[in-house]
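Just so we're aligned: 51 in my numbering is position 51 of the sequence shown, and the numbers increase by one with no gaps anywhere.
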Amino acid sequence: MSLVSNQITEILNEINDELANQISLANNTDKKIETRKLVHLSNALNGIIMTSGLSDENKSMLQKFSLTLQDSSTVKSLRYEKQDLERVLSNINDI
Numbered sequence: 001m002s003l004v005s006n007q008i009t010e011i012l013n014e015i016n017d018e019l020a021n022q023i024s025l026a027n028n029t030d031k032k033i034e035t036r037k038l039v040h041l042s043n044a045l046n047g048i049i050m051t052s053g054l055s056d057e058n059k060s061m062l063q064k065f066s067l068t069l070q071d072s073s074t075v076k077s078l079r080y081e082k083q084d085l086e087r088v089l090s091n092i093n094d095i
């Protein structure tokens, strides 16, 4: 696995952890979803995507995921993002 793939996988794993954390917090308390860390991770992912040598198809897939991640403000949207992330992670093995 290349350095870029490792960096992307690390950030995607961090995103997965944060999504799980925010879903759990929202389900167990009445706290508002905190998207600051997700937006930060999304921006970091975009930075890696832009400087990577990924194919246009893989860049597009990751950029679309990153953009939708920044719009996640409800538990329902976080759950959709988590499902989308699972699809992205399964496709990332092909990078």
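Note that CB positions come from ideal geometry on N, CA and C, so glycine has one too.
Item to complete: For Ser52, I'd like the list of residues in its chain whose CB is within less than 8 Å of its CB, leaving aside the five on either flank, ordered along the chain.
Response: Excluding residues within five positions, the ones whose Cβ falls inside 8 Å are Val4, Ile8, Lys59.
Discussion item. Output needed for Ser42: all residues of its chain with C-beta closer than 6 Å, excluding positions within five of it in sequence on either side, in chain order.
Written reply: Cβ neighbours of Ser42 beyond the five flanking positions: Ser66, Leu69, Gln70.
Worksheet item: Straight-line CA distance for Val88 to Ile11?
Response: Going by the C-alpha atoms only, they are around 12 Å apart.
Worksheet item: For Gln63, which of Val75, Gly47, Glu34 has the nearest alpha-carbon?
Response: Ranking the options by Cα distance to Gln63, first place goes to Gly47.
Worksheet item: By the 10 Å Cβ neighbour count, where 16 or more other Cβ atoms means buried, how is Glu18 classified, buried or exposed?
Response: Glu18 should be labelled buried.
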